[in-house]
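For reference, the structure is listed below as structure tokens.
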Amino acid sequence: MASEELTTTGYIQHHLQNLTYGKLPAGYVRTDYSGNTTELDSSTWTLAKSSQEAKDMGFQAVHLDTLGWGIFLAILIGFVFRRVAVNAKPDTPKGMQSFVELVTDFVNDTVKGLFNHSHTNKFVAPMALTIFTWVFMMNLMDLIPVDWLPVAAQFIAGDSHFYFKVVPTTDPNATLGMAFTVFFLMILFSIRAKGVGGFLKELACHPFWAPKGKGYLNVLLLPINLVLETIALIAKPISLGLRLFGNMYAGETIFILIAILFSLGFVFGILGGVLQWAWAVFHILVITLQAFIFMVLTIVYMEMAHADLDDDH
Amino acid sequence: MNINYTIIGQSLTFIVFVLFCMKYVWPQLIALMEDREQRIAKGLEAAEKADKDLELAKIEVAKALKDAKEQAASILDQANKRAAQIVEDAKVSAVEEADRIKHAAHAEVDRQVSQATEELRSKVAVLAIAGAEKVLGAEVDAKAHNDMLTKLAANL
Chain A
0 MASEELTTTG YIQHHLQNLT YGKLPAGYVR TDYSGNTTEL DSSTWTLAKS SQEAKDMGFQ
60 AVHLDTLGWG IFLAILIGFV FRRVAVNAKP DTPKGMQSFV ELVTDFVNDT VKGLFNHSHT
120 NKFVAPMALT IFTWVFMMNL MDLIPVDWLP VAAQFIAGDS HFYFKVVPTT DPNATLGMAF
180 TVFFLMILFS IRAKGVGGFL KELACHPFWA PKGKGYLNVL LLPINLVLET IALIAKPISL
240 GLRLFGNMYA GETIFILIAI LFSLGFVFGI LGGVLQWAWA VFHILVITLQ AFIFMVLTIV
300 YMEMAHADLD DDH
Chain B
0 MNINYTIIGQ SLTFIVFVLF CMKYVWPQLI ALMEDREQRI AKGLEAAEKA DKDLELAKIE
60 VAKALKDAKE QAASILDQAN KRAAQIVEDA KVSAVEEADR IKHAAHAEVD RQVSQATEEL
120 RSKVAVLAIA GAEKVLGAEV DAKAHNDMLT KLAANL
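Going down the list, the protein sequences come from chains A and B. Numbering-wise (numbering that gives the first Met the number 0), the first sequence opens with residue 0 and increments by one. Numbering-wise (numbering that gives the first Met the number 0), the second sequence opens with residue 0 and increments by one.
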């Protein structure tokens, strides 16, 4: 966003870069904004000053903006819901209580419709509520005009190159983090419900199984099953995480592209305003739908983890 | 777009948030909503019961009213009959009393008449003698004419 290097590409790239705090190795050559280079004597934890630096940090880095907004929104939701849960009046629900009850009831109905194992319902239902509200709130950050919070952050940080990506769900770390947590819970519940043997059997003995009397064929079928089912299993969290990420990333990118119109003069500015409004209205549907899909798929995966597919062998 | 520690941070946040929700939010909200559901169900049940009770009470009231009316009518009827009876009785006893008084009066009159007659009878001799003396100018010997006088008196 620095005035002298304000190009369209730069603007877009800047908007898509997370605020990364990570470790740069010793001997790394940093280039500052003016083009001067400095070589690091020892490995350093620092804020990345360019996309390249962020990339070079590798796994040893955190996206402060993603985690910060994620945790902030989690605390916000937790605070609101907790306050309602404590102060709730059963006879005169109003305001925030009505809203919270509406959401809770909606989630509860959805869980009841999809998940029929009451002993773990105490865990799955709150998890569904958490996912729905949290993902929705993280997605909702997308509707805040793309420049407001980043510019505010740049102003506070006093650095016009300060990276600040507001929507946590446009960071695959956030969506895949949740998706893989769901995945591990799925395996955990699956093993708890069927035992390790049952879980492995499900991987190895489906979908192909030789009829009785031709059992020797299973030697051939087992590896095929194993490969198929393992891919199917791993595809679940990846598709779960990437679906949300892809939708939000695309939506965010379009917001950024629309925002570029504002710099192209009055007529394009008006057009940009109209488009931004239209896209935001459409996006309200998208963010709710994506939050709902993430919740429903999680419930379905939990249900699948409990369901006994072991029918005839 | 780089995968890094953020993925672990997000997972931890997620787990903590889920556990928080599971412990401090979900049970309370669900309990609250179930409590309300039960209350509403109870309220509706009570209302229905009250409705039924009202219906029964109405029927009872109508029955009681009908009974009371019937009773009142029968009491009135009895009272009318009794009044007629009393009047009838009074008439009869009045007639009897009147008869009795009439008889008594008759008897009294008879008694007085016979008494007067008796008195007259006892005095008739004296009066006759006094009359005769005046006519004859002489004293009539009562003893001498006693028989005649007695006959006279007996004829009266």
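For each residue, glycine too, the CB sits at the ideal point set by N, CA and C. Just so it is clear, the structure is predicted and the values come from calculations on it, not from any experiment.
For this session: Determine, using beta carbons only, whether A/Phe325 and B/Tyr4 come nearer to each other than 9 Å.
Result: Examination of residue 325 of chain A is not possible in this model, given that chain A is present from 0 through 312 alone.
Problem set entry | Interface flag, B/Leu31 vs chain A, CB-CB below 9 Å | yes
Problem set entry | Member of A/Gln51, A/Gly21 and A/Tyr32 whose CA lies at the smallest distance from the CA of A/Thr43 | A/Gly21
Problem set entry | Short Cβ contact (9 Å threshold) for A/Ala152 with A/Thr65 | no
For this session: Identify, in the order they occur along the chain, each residue of the same chain with its Cβ nearer than 7 Å to the Cβ of A/Ala304, setting aside the five sequence neighbours on each side.
Result: Met185, Phe188, Ser189 and Ala192
For this session: Leaving out five residues on either side along the sequence, give the residues of the same chain with a beta carbon under 7 Å from the beta carbon of B/Val125.
Result: none
Exercise. By Cβ distance, which residues of its chain are closer than 6 Å to A/Leu15, with the 5 residues on each side in sequence left out?
Worked result: none
Exercise. Beta carbon of A/Leu325, beta carbon of B/Trp25: below 9 Å?
Worked result: Residue 325 of chain A lies beyond the stretch modelled for chain A, which goes from 0 to 312, so this question has no answer here.
Problem set entry | Contact under 9 Å by Cβ, A/Ala258 with A/Asp146 | yes
Exercise. For A/Tyr20, which three-state DSSP category applies?
Worked result: strand
For this session: Below 9 Å between beta carbons is the criterion; list the residues of the region 9-25 of chain B that meet it against any residue of chain A, in chain order.
Result: Gln9, Ser10, Leu11, Thr12, Phe13, Ile14, Val15, Phe16, Val17, Leu18, Phe19, Cys20, Met21, Lys22, Tyr23, Val24 and Trp25
Problem set entry | Local conformation of A/Ala124 per DSSP, three classes | helix
Exercise. Any beta-carbon of chain B closer than 9 Å to the one on A/Asp108?
Worked result: no
Exercise. Are there 16 or more other CB atoms within 10 angstroms of the CB of A/Glu3, so buried, or fewer, so exposed?
Worked result: Low confidence applies here, because A/Glu3 scores a pLDDT of 41, under 50, leaving its location unreliable; read the following figure in that light. So A/Glu3 counts as exposed.
Exercise. If you draw a straight line from the C-alpha of B/Leu31 to the C-alpha of A/Tyr248, how long is it?
Worked result: 38 Å
Exercise. What did DSSP end up calling A/His62 once you bin it into helix, strand or coil?
Worked result: strand
Problem set entry | Inter-residue spacing [alpha-carbon to alpha-carbon] between B/Leu57 and B/Glu69 | At residue 57 of chain B the sequence reads Lys, which differs from the Leu that was named. Between B/Lys57 and B/Glu69, the C-alpha separation is close to 18 Å.
Exercise. Which partner residues does A/Arg242 have in the DSSP bridge list?
Worked result: A/Arg242 pairs with nothing; no bridge assigned.
Exercise. Would a check of beta-carbon distances place B/Leu28 closer than 9 Å to chain A?
Worked result: yes
Exercise. Does any C-beta atom of chain C lie closer than 9 Å to the C-beta of A/Val83?
Worked result: Looking for chain C here will not work: the only protein chains present are A and B.
For this session: With DSSP as the reference, label A/Leu75 as helix, strand or coil.
Result: helix
Exercise. With C-beta atoms as the reference, is A/Gly271 less than 9 Å away from A/Leu288?
Worked result: no
For this session: Would you decide whether A/Trp276 is buried or exposed? Buried here means 16 or more other CB atoms lie within 10 Å of its CB.
Result: exposed
Exercise. Quick one: Cα of A/Thr169 to Cα of A/Glu251, how far?
Worked result: 7 Å
Exercise. With C-beta atoms as the reference, is A/Ala87 less than 9 Å away from A/Val110?
Worked result: no
Problem set entry | Exposed unless 16 or more other CB atoms sit within 10 angstroms - verdict on A/His312 | The pLDDT assigned to A/His312 is 49, lower than 50, so where the model puts this residue is not dependable; a value taken from the coordinates is nonetheless given after this. It is exposed - the Cβ of A/His312 has fewer than 16 other Cβ atoms within 10 Å.
Exercise. Shorter than 9 Å from the beta carbon of A/Asp318 to some beta carbon of chain B?
Worked result: Outside the displayed range of chain A (0 to 312) lies residue 318 of chain A, so it cannot be described from this structure.
Exercise. Just curious, the beta strand (DSSP E) that A/Leu199 is in, first and last residue?
Worked result: Unbroken run through A/Leu199 is the alpha helix (DSSP H), Pro171 to Ala203; no beta strand (DSSP E).
For this session: Report back the beta-carbon spacing between A/Phe198 and A/Leu239 to the nearest angstrom; my notes put them in contact at under 8 Å.
Result: Contact doesn't hold; Cβ gap of about 19 Å is too wide.
Problem set entry | Alpha carbon of B/Ala97 to alpha carbon of B/Gln84, nearest angstrom | 20 Å
Problem set entry | Members of the region 171-187 of chain A that neighbour chain B once the beta carbon cut-off is set at 8 Å | Pro171, Asn172, Ala173, Leu175, Gly176, Met177, Phe179 and Thr180
For this session: State the CB to CB distance for the pair A/Trp278 and A/Pro167, rounded to an integer number of angstroms; the pair is presumed to be in contact (CB under 8 Å).
Result: Going by Cβ atoms, the distance from A/Trp278 to A/Pro167 rounds to 20 Å, so no, they are not a contact pair.
For this session: Entirely within the region 237-312 of chain A and at least 4 residues each: give me those alpha helix (DSSP H) ranges in chain order.
Result: 265-305
For this session: Excluding the 5 residues preceding and the 5 following A/Ile255 in the sequence, name in chain order all residues of the same chain whose CB lies nearer than 7 Å to its CB.
Result: Ile11, His14 and Val145
Exercise. For A/Ala1, does the count of other Cβ atoms within 10 angstroms reach 16, so buried, or fall short, so exposed?
Worked result: In this prediction, A/Ala1 has a pLDDT of 42, which is less than 50 and means its spatial position is unreliable; nothing more can be read from the coordinates.
Exercise. Touching or not, the region 36-51 of chain B and the region 155-164 of chain A, by the rule of three or more beta carbon pairs under 8 Å?
Worked result: no
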